[in-house]
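Residues 1096 to 1511, numbered by this note's numbering, are exactly what the first sequence covers, in order. All C-beta atoms in this analysis are idealised placements derived from N, C-alpha and C, irrespective of residue type, glycine included. Owing to the predicted nature of the structure, the values given are computational and were not obtained by experimental measurement.
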Amino acid sequence: MLWSKDLIPTLRQVPQDAESISHQLMLRSGLVRMLMAGVYSYLPLGLRVLNNIQGIIRREMNACGASELLLPALQPLELWARSGRDKDIADVMIRFTDRRGRDICLGPTHEEVITELVKNHIVSYKQLPLVLYQIQTKFRDEIRPRFGLIRACEFIMKDAYSFDTDESGLDNNYKAMFAAYKRIFDRCGLNILTTEADSGVMGGKVSHEFMAPAEEGEDQVLYCPECKAARALKGADKGECADCKTGLKKVNTIELGHIFKLGTKYSSALGANYIDDKGEQKPVIMGCYGIGVSRMVSAIIAQNNDKDGIIWPKEVSPYHLVILPLDTTDGNIMSRATELYKELRAGGLEVLLDDRDERAGVKFKDADLLGISLQVVIGRESVKNDTLELKVRRGQNKIVKPKTEILEEIRKFING
RNA sequence: CGGGGCGUGGCUCAGUUUGGCUAGAGCGCUUGCUUUGGGAGCAAGAGGCCACAGGUUCAAGUCCUGUCGCCCCGACCA
């Protein structure tokens, strides 16, 4: 992509209506813009990051046998009355009446819808276990939206649902999801603490949360700095590690994932039964597994930045690489830049070419702010010495070498 | 919803206390010249229902009333 043909509205100063680091950097680097409180447009760069995160989630979900589908955002309120949750979460539902007088809501979550769907198609134990997931927009009338994408009224969630015949089947799926979540967050460059949690309005007995430590986090968690192992306790304000007796530390965290063993709450309420091998009708045993996808963008930034801007972890970087020709009026520089641009793209890389007629300083500042993993700088020296300069955004290390060697370095970085 | 703060060109802000001439600055934008490896310099321009509505006054960005919006602290959650 050519920078001049894209929409990347970077800001030099910190916008007044952003306090948290992630929110400031998202606005400054042109990832998102607010439409109203808690509702954001994803600009081209923001969407690229979002798509990268979703790609990782899809691969990990598919790898543990989950199948993707897409459920409606529009839902009849009557369905919620059947599970009783129309009252439980009445105030977070965004609801209205359509022209036929039907009471409708914009789905804040999808347990009812998926259970209703599965109920009509699962009749036998032979069809189980089954794991389904979607990546979809949720709508919640939040009491107080804040921190940009961290608490939004319209946000993107990955929600998965498992259906089993027995508890051990649920355990298996739960463990598989737990492991998949670890991999997802790891690949996205996130440090995560896991904690046992309240099931709250979701129901069920067992649940775990995946918390990303960050200064701007809304939740506080206790963890053991010695064991590192996620020994986080939510809600308590003192205590010591059960294993090594070290005092626990308190950190602010952003909740990114929450998984639940639901049991039969929804299947019983909505009549999602199957026939077991003895011919008996039994309610399906369910689990549900959520990740705040758009919230992850904020958390990744909160954990990966420096004074110059964002430092995208490799796999979520909006582009693999940005090329900075330092003087667009210099034919030699520009022909090298466009040649490299074409070559890298032909090799399957996502490349941004900063073809703006800006001074070097502006390009350096903007490139650092955007946080794309790799930068290739092409200036007078590059032409004179027939070299290229490669900079790794994380650590800001620069190497100057002939093109073939730089290409090799790029390949190593991306595949390594 | 309770408590606090804010609203003036695309962005950051001054001006409001104590009402007074055509509403300012920096950045950004346009044009020209000079510059050219870490947010350039000079010159000339464009861009504002001062959040909105009503009121007080000879006169309102400034005072009064109401409304809306945004941010921060609390309950809620991915």
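The beta strand (DSSP E) enclosing residue i, as first and last residue numbers
i       : result
Asn1347 : Lys1344 to Gly1358
Thr1210 : Taken as a continuous stretch (DSSP letters only), Thr1210 belongs to no beta strand (DSSP E), being part of the alpha helix (DSSP H) at Glu1206 to Lys1214.
Asn1368 : Asn1368 to Ile1370
Asp1452 : Note, Asp1452: premise wrong, no beta strand (DSSP E); not H, not E.
Ile1473 : Leu1469 to Ile1473
Val1316 : Asp1314 to Tyr1318
Ile1418 : Leu1416 to Pro1420
Bridge partner(s) assigned by DSSP for residue i
i       : result
Arg1128 : Ser1136
Thr1232 : Ile1251
Pro1378 : Asn1368
Pro1217 : Sequence check: residue 1217 is Ile here, not Pro. Paired residues: none, contrary to the question.
Asn1492 : Val1487
Cys1383 : Tyr1256 and Phe1355
Gly1404 : Asp1401
Leu1145 : According to DSSP, Leu1145 bridges with nothing at all.
Glu1335 : Gly1342
Val1226 : Ser1257
Leu1097 : Leu1448
Where the alpha helix (DSSP H) through residue i begins and ends
i       : result
Lys1498 : Lys1498 to Asn1510
Tyr1436 : Gly1426 to Ala1441
Leu1120 : Ile1116 to Arg1123
Val1487 : Val1487 -> not in any alpha helix (DSSP H); beta strand (DSSP E) instead, spanning Leu1483 to Val1487.
Val1446 : First-last for Val1446: Val1446 to Leu1448, but that is the beta strand (DSSP E), not the alpha helix (DSSP H).
Ser1389 : Val1388 to Gln1398
Own chain, CB closer than 8 Å to residue i, minus 5 neighbours either side, in chain order
i       : result
Pro1167 : Gly1202 and Val1208
Ile1089 : The structure shown does not extend to residue 1089, since the chain is modelled only from 1096 through 1511, so no value can be given for it.
Ala1275 : Glu1155, Met1156, Ala1158 and Cys1159
Leu1351 : Phe1280, Leu1285, Ile1287, Phe1305, Met1306, Ala1307, Ile1386, Gly1387, Arg1390, Met1391 and Ala1394
Tyr1228 : Met1156, Ala1161, Ser1162, Glu1163, Leu1164, Lys1253, Asp1254, Ala1255, Tyr1256 and Tyr1384
Ile1473 : Ile1418, Leu1419, Pro1420, Leu1421, Ile1428, Arg1431, Ala1432, Leu1435, Leu1483 and Glu1484
Phe1361 : According to the sequence as given, residue 1361 is Tyr; it is not Phe. Contacts found: Ser1178, Glu1206, Glu1207, Thr1210, Gly1298, Ala1367 and Met1381.
Status (buried if at least 16 other CB within 10 Å, exposed otherwise) for residue i
i       : result
Ile1238 : exposed
Pro1497 : exposed
Asn1268 : buried
Gly1330 : Because the pLDDT of Gly1330 is 49, which lies under 50, any placement of that residue in the model is unreliable, and the number read from its coordinates should be weighed accordingly. Its Cβ having fewer than 16 others within 10 Å, Gly1330 is exposed.
Arg1506 : exposed
Lys1221 : exposed
Pro1139 : exposed
Asn1147 : buried
Ser1115 : buried
Thr1341 : exposed
Val1134 : exposed
Ser1099 : exposed
Met1096 : buried
Phe1234 : buried
Ser1136 : exposed
Lys1214 : buried
Gly1125 : buried
Gly1426 : exposed
Same chain only: Cβ atoms within 6 Å of residue i, ignoring 5 sequence neighbours per side
i       : result
Met1297 : Phe1355
Ser1389 : Leu1244, Phe1250 and Ile1251
Asp1236 : Val1187 and Ile1189
Glu1504 : Leu1485
His1118 : Phe1242 and Gly1243
Met1121 : Val1127 and Gly1243
Same chain, Cβ closer than 7 Å to residue i, neighbours up to 5 away in sequence not counted
i       : result
Ala1070 : As displayed, the chain neither begins before 1096 nor continues past 1511, which places residue 1070 out of reach and without an answer.
Val1495 : Thr1482 and Glu1484
Leu1265 : Ser1257, Asp1259, Lys1356, Ile1380 and Gly1382
Gln1108 : none
Thr1336 : A small correction: the amino acid at residue 1336 is Cys; Thr does not occupy that position in the sequence shown. Here the set comprises Cys1319, Glu1321, Cys1322, Arg1326 and Leu1343.
Asp1461 : Thr1105
Ile1467 : Trp1407, Ser1412, Pro1413, Tyr1414, Leu1416, Val1417, Leu1447 and Arg1488
Check: residue i C-beta below 7 Å from any heavy atom of the ligand NAP
i       : result
Arg1143 : Only the bare structure without any ligand can be found here, which leaves the ligand NAP out of the picture.
### Entirely enclosed beta strand (DSSP E) segments - the segment 1237 to 1308, minimum 3 residues
Annotation: the segment 1237 to 1308 contains the following complete segments of the beta strand (DSSP E) (minimum length 3 residues), in chain order: 1249 to 1259, 1288 to 1291 and 1301 to 1308.
### Query
What beta strand (DSSP E) runs, 3 residues minimum, are completely inside the segment 1159 to 1213?
Qualifying beta strand (DSSP E) stretches, in chain order: 1169 to 1171, 1189 to 1192 and 1198 to 1201.
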